[in-house]
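2 protein chains.
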Amino acid sequence: MATIHDVARAAGVSISTVSYALSGKRAIGAATRDRIDAAVAQLGYRPNAGARMLAGSRTNLLALSAPLHADTYAPAHMTFVLAIAEAAREFDYDTVLLVQDEAVNGLRRMVSSKLVDGIVLLDVDRDDSRVPLVRELDIPVTLVGIPADTTGLTCVDLDFEAAARLSVERLAAQGHRQIGLIGHPEELYARGSNFPIRFRDAFAAAAAEFGVGTHFVMPEQEPVSVRVALEELRRELPGLSAIVLNCNEPVHTMALELLRQDGASIPQDMSVLSACSSFPTDQLDPPLDVIPLPALITGRRGVELTMNQLGGYSEPVVELVPPAYIAKGSTASVT
Amino acid sequence: MATIHDVARAAGVSISTVSYALSGKRAIGAATRDRIDAAVAQLGYRPNAGARMLAGSRTNLLALSAPLHADTYAPAHMTFVLAIAEAAREFDYDTVLLVQDEAVNGLRRMVSSKLVDGIVLLDVDRDDSRVPLVRELDIPVTLVGIPADTTGLTCVDLDFEAAARLSVERLAAQGHRQIGLIGHPEELYARGSNFPIRFRDAFAAAAAEFGVGTHFVMPEQEPVSVRVALEELRRELPGLSAIVLNCNEPVHTMALELLRQDGASIPQDMSVLSACSSFPTDQLDPPLDVIPLPALITGRRGVELTMNQLGGYSEPVVELVPPAYIAKGSTASVT
DNA sequence: CTGAAAGCGCTTACAG
DNA sequence: CTGAAAGCGCTTACAG
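Chains as they are written, first to last, in full-length UniProt numbering: chain A, 1 to 335; chain B, 1 to 335.
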């Protein structure tokens, strides 16, 4: 494999000139640059990664801590991972993947061995075991998700509170007075999972603010459980005319199927809104109004915030991505 | 951050002794080793990754090429990624994730910059654009999936042909004479996707061998399409008494729900078998007999085969993981 | 059982 | 606009 010396020899210059030409860190004569470019192309030269890490101040590697719980919703998770890996490439970074328990121990290992320049933490829970660790790590870190204590941390996430409020606001404006909320399986809430809890609590607060009645159910991902949940909503909210879904895609499908079986037309008999969904709701039958969980935006922003810190800008910030409402015709005014 | 010089000084030895003590590549006196261990612990020393890559022959980094298509089934994909990242850790390797088009260009980049010691290719299609590339790469590579031409390549995968044959064999032995096969969406087959095609073709061959009638449908992931597919099976196979599902979890759920609506009891009226599934079928209602797609085993084996090559053993092999049949009571003999 | 030293392939002050 | 050289922190023959 060609080294920088081979390139220098072929171009008739010194290795420092080659290095500077490649990094662009100082001006190079046009003729010189052309000869270097030609030599690089002809030899298929690519700088040795290890040498670069050792001599330079950057490794061009980013650690992505992506622990997977049994209840992790794979499609959303994958979208985040994708967005982060792609965004990293735009900064000429590659992504080292840390999973499971390695998501914690691996971080310490990567930092002390100087393998990575920065870290992105995915799926941060309110009381996340990685938070105390990264607080003492002297390296750029961005959290995707908002922990309970954000002191000194850079975080980014969808504004779940605003999303919950927006859900209630829209439906209340249509005249709905009793709105059901179908959440994730109970286990998630018990574990202190970030998104669902914030959404649930903000939803309740917004309902109080707008003076609408609500009830909250947490079905498992199976038809029987979803049916029981629907029945509970109808029982607790006799005037139920709208349902907000803050749950996985299979539960969406099941709920829509059950409503169909009950002969409830959407949106004539029931308004349905999907909130903070990471999948396309226009594949559903019928397509649902949605406040998307913008995994691509949020994940990408996580990388950008890390790169900002690498660039020297290191004021901790908590960035909340504002929610958007996309209408598909699955909600309607009460008649 | 402490360097090997700090450790050597603290332990009163040379840096080479520290290096050898840590790598275990030569015998060290007990007292010396104790002093080194103490110094390492006290200083929190961890070898610099870049220096190690440059001086040594290993980077301890593995590239995972995991392109994601629009139709990639996230949960299965994630299980593979997990299995590979975890298995890599057991060999003291970390995993660099390559996605999308980077799955191809990134490979070349990592190899020529000597960033990684080996490569695992995930989700290899029959006619995969990465295959010609890795063939000319002078680095250990293992393919998870079997391309059309395996010359010179090390591959591992579930034995889909055997899995298809096993499906037919079990149902034929129960007396079923007409067996429907529900596959993935048509697009996957058009794209030359690996698993589904191999399963479909082997299923047809096995049906011929056992003298049973079959029909093959490829519904989209939505209730209406699945209903149409079921109706097509009943129309084409008037004596339909068994269905094999080689499709995603949502389609499983939909098919079971539709059978329930039709009043068909499982297994009394219809035997149902899930083939090459990457999710737990005992969560379904009813739990289904399954021939699992052992993503954990296959993914892990992909890493092991790469490590074998790194260790010097480099005979290309195509390893097929034999299928297993797990009964859950969803099939029964024809009465 | 241990050490002195070369060398891995870069980056970056220092110098002109 | 360009070059000579130090140095990043390891590993590994070479030597004893």
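The C-beta atom is built at its ideal place from N, Cα and C for all residues, glycine as well.
What separation, rounded to the nearest whole angstrom, lies between the Cα atoms of residue i and residue j?
{"i": "aspartate 289(A)", "j": "alanine 324(A)", "result": "11 Å"}
{"i": "valine 13(A)", "j": "aspartate 92(A)", "result": "26 Å"}
{"i": "glutamate 136(B)", "j": "threonine 150(B)", "result": "13 Å"}
{"i": "threonine 154(B)", "j": "leucine 258(B)", "result": "42 Å"}
{"i": "leucine 68(A)", "j": "glutamate 220(A)", "result": "19 Å"}
{"i": "glutamate 315(A)", "j": "glutamine 309(A)", "result": "8 Å"}
{"i": "glycine 152(B)", "j": "alanine 85(B)", "result": "25 Å"}
{"i": "aspartate 201(A)", "j": "arginine 300(A)", "result": "27 Å"}
{"i": "proline 267(B)", "j": "phenylalanine 203(A)", "result": "44 Å"}
{"i": "glycine 312(B)", "j": "tyrosine 45(B)", "result": "31 Å"}
{"i": "valine 111(A)", "j": "glutamate 102(B)", "result": "25 Å"}
{"i": "glutamate 169(B)", "j": "phenylalanine 210(B)", "result": "7 Å"}
{"i": "aspartate 71(B)", "j": "alanine 83(B)", "result": "21 Å"}
{"i": "arginine 52(B)", "j": "alanine 229(B)", "result": "57 Å"}
{"i": "leucine 64(B)", "j": "arginine 109(B)", "result": "13 Å"}
{"i": "alanine 2(B)", "j": "glutamate 90(A)", "result": "32 Å"}
{"i": "proline 250(A)", "j": "serine 225(A)", "result": "12 Å"}
Are residue i and residue j closer than 8 Å when you measure CB to CB?
{"i": "threonine 306(B)", "j": "leucine 97(A)", "result": "no"}
{"i": "phenylalanine 216(A)", "j": "phenylalanine 160(A)", "result": "no"}
{"i": "valine 321(A)", "j": "leucine 158(A)", "result": "yes"}
{"i": "leucine 273(B)", "j": "threonine 331(B)", "result": "yes"}
{"i": "serine 241(B)", "j": "valine 334(B)", "result": "yes"}
{"i": "leucine 133(B)", "j": "valine 104(B)", "result": "yes"}
{"i": "tyrosine 73(B)", "j": "asparagine 248(B)", "result": "yes"}
{"i": "glycine 50(A)", "j": "leucine 54(B)", "result": "yes"}
{"i": "alanine 87(B)", "j": "glutamate 304(B)", "result": "yes"}
{"i": "leucine 245(A)", "j": "alanine 275(A)", "result": "yes"}
{"i": "proline 294(A)", "j": "lysine 328(A)", "result": "no"}
{"i": "histidine 252(B)", "j": "methionine 218(B)", "result": "no"}
{"i": "serine 277(B)", "j": "proline 292(B)", "result": "yes"}
{"i": "isoleucine 182(A)", "j": "alanine 255(A)", "result": "yes"}
Is residue i helix, strand or coil when you go by DSSP?
{"i": "serine 274(A)", "result": "strand"}
{"i": "serine 65(B)", "result": "strand"}
{"i": "alanine 148(A)", "result": "coil"}
{"i": "aspartate 269(B)", "result": "coil"}
{"i": "leucine 143(B)", "result": "strand"}
{"i": "leucine 284(B)", "result": "coil"}
{"i": "aspartate 292(B)", "result": "The question names aspartate, but residue 292(B) is proline in the sequence shown. In this structure, proline 292(B) counts as strand in the three-state DSSP scheme."}
{"i": "glutamine 309(B)", "result": "helix"}
{"i": "valine 13(B)", "result": "coil"}
{"i": "glutamate 315(B)", "result": "coil"}
{"i": "leucine 122(A)", "result": "coil"}
{"i": "leucine 133(A)", "result": "helix"}
{"i": "isoleucine 179(A)", "result": "strand"}
{"i": "aspartate 157(A)", "result": "strand"}
{"i": "isoleucine 326(A)", "result": "strand"}
{"i": "leucine 22(B)", "result": "helix"}
{"i": "valine 104(B)", "result": "helix"}
{"i": "leucine 98(A)", "result": "strand"}
{"i": "valine 334(A)", "result": "coil"}
{"i": "valine 116(B)", "result": "coil"}
Would you decide whether residue i is buried or exposed? Buried here means 16 or more other CB atoms lie within 10 Å of its CB.
{"i": "arginine 58(B)", "result": "exposed"}
{"i": "aspartate 125(B)", "result": "buried"}
{"i": "proline 196(B)", "result": "buried"}
{"i": "lysine 114(A)", "result": "buried"}
{"i": "arginine 26(B)", "result": "exposed"}
{"i": "glutamine 261(A)", "result": "exposed"}
{"i": "proline 280(B)", "result": "exposed"}
{"i": "aspartate 123(B)", "result": "buried"}
{"i": "arginine 235(A)", "result": "exposed"}
{"i": "glutamine 178(A)", "result": "buried"}
{"i": "aspartate 117(A)", "result": "buried"}
{"i": "aspartate 128(B)", "result": "buried"}
{"i": "serine 23(B)", "result": "exposed"}
{"i": "serine 16(B)", "result": "exposed"}
Are there any heavy atoms of the ligand HEM lying less than 7 Å away from the beta-carbon of residue i, as far as the coordinates show?
{"i": "leucine 245(A)", "result": "You won't find the ligand HEM in this model; it holds no ligand whatsoever."}
### Message
Report the start-end ranges of each alpha helix (DSSP H) in the stretch 182-270 of chain B that is 4 residues or longer and not cut off at the edges.
### Response
186-190, 194-210, 223-236, 249-261
### Query
In chain order, which beta strand (DSSP E) runs of at least 3 residues are fully inside the stretch 43-94 of chain B?
61-65
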